[in-house]
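For reference, the structure discussed in these notes is given below.
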Amino acid sequence: MMIAGTIAALPGASVSAAPASPIQFAPHRAVYEITLERAASGSGVVELAGRMVYEINGSACEGYTQNMRFVTRIVSQDGSEQLNDLRTSSWEDDEGRRLRFNSEQYRDAKLVEEAAGDAQRSEAAGPITVEISRPAPQRLQVDAANMFPMQHSRALLAAAWQDQRQLVAGLYDGSEKGEKIYHTSAWIGRRRQSDATAEGVPGLAKLASWPVSIAYYEPASIQRDSLPSYELSFRIYENGVSTDMVIDYGEFSVRGELKELTYSARSECNASAGAQGAASRSRGSDGVVSPPNKP
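Yeah, the sequence shown ends on 283 if you go by our numbering, and it's all consecutive.
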C-alpha cells in the first residue's frame, strides 16, 4: 500500500502482544462499488460511480503479485461525461529488494498515461535504482529510506499490532510515469479484536482489524500546515483485506464499499522455492498497486 522512510510512533495506552505468527497476506480478489461521497460546489462533479477490482496472489517465498483496475464515470456540472480507467499491476519480493510495476491510465478509452519499470535495491536496506522502460527509458535513484508498497503494508500491520498510532514513511510504487515519491503519514486507530459488522463477509468476522487513515504529501510539502495531495481511509484486517474505503481528493471524495471477496489458495513455501520462485515471478510480472490516481 505504501512505503516507509522514517517511522514515528505515538505511544498507546498499552503495548499489545504481537500476532502469534508472522504477518501473512491472504491471496484474494476484492470488488468494491465506487460512489460519490462528497463534492464541493467548486469541484464541478455532480455524479460519480464506478468499480474497483483488486487482486493479490503469492507468498513470502515467491513474492507478491498485485493487480488493480479502477473505473469511474464522472458527470460534470455542464452535463459532460468522462470515463476513467486505471489499470495497475506489480510484483514485489518479500524482502523489499525488488519491485516491478506497470500502469496504464485511460480517459474515454484513450491511453493518456503509462509507466513500466523495475526498481531494485543494491542491498537489503540500500538505495534504490529504478530502470523505467515506459513512457521513455530513464534511470532514477531513490533514497534507501523509501519502502515499496508491500513493505509499507507489512510495516503498517506491524505497527498496528504494537499499538503504535502513527506511521510516517516515504513511498515509491511507480506512480505517475514511475517518477513519483510520496511522503505519507498514517494514523492507526484502536484494534477491534473481532468484527460483528463483518458477519457475512468471508473470513473477516473473527479477525483483528484497525481503522487507518493515510495522507499522501508531495515530498517538498511536508510542513505541519501543508495539505495532502489526497487521503485514503479504510479498515484493514490482519490478513490484509480492506473494507470501508474512502479516498478524499480535497474538492471531492469517493467511497468504496466491499461487494465481493474471494480467497485464493495460498502458495506453500519451502527452503528451495524462495529464490527460484522470486526469479521466475520477476521475469514474468510487470506491475504496480498504488493508491488510485485522481479519477
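Even for Gly, the Cβ is constructed at its ideal location relative to N, Cα and C. Keep in mind that this is a model prediction, so the values were computed, not measured.
Rounded to the nearest angstrom, the gap between the Cα atoms of residue 244 and residue 58 is 11 Å. Residue pairing of residue 236 in beta bridges, as defined by DSSP: 219 and 241. Counting only unbroken stretches of 3 or more residues, the beta strand (DSSP E) elements lying wholly within the region 59 to 105 are 69 to 80 and 86 to 95, in sequence order. Judged by beta-carbon spacing, residue 250 lies within the 9 Å limit of residue 190, meaning their Cβ atoms are closer than that value. Secondary structure note for residue 127: its beta strand (DSSP E) is the uninterrupted segment 126 to 130. About 16 Å separates the Cβ atoms of residue 230 and residue 45, ruling out a contact at the 8 Å cut-off. DSSP places residue 26 within a strand segment (E or B) once states are collapsed to three.
Just so you know, the alpha carbons of residue 15 and residue 42 end up roughly 11 Å apart. Pairing residue 254 with residue 47, the inter-Cα distance amounts to about 7 Å. The DSSP-derived three-state label of residue 51 is strand.
In the three-state reduction of the DSSP assignment, residue 21 falls in the strand class. Less than 9 Å separates the beta-carbon of residue 203 from that of residue 173. Selection 125, 135, 149 and 69 evaluated against residue 80 yields 135 as nearest (Cα-Cα). Each residue's CA atom was taken as its position, placing residue 13 and residue 227 some 5 Å apart. By the neighbour-count criterion, in which 16 or more other beta carbons inside 10 Å mark a residue as buried, residue 100 falls on the exposed side. Taking C-alpha positions only, residue 74 is separated from residue 22 by approximately 13 Å.
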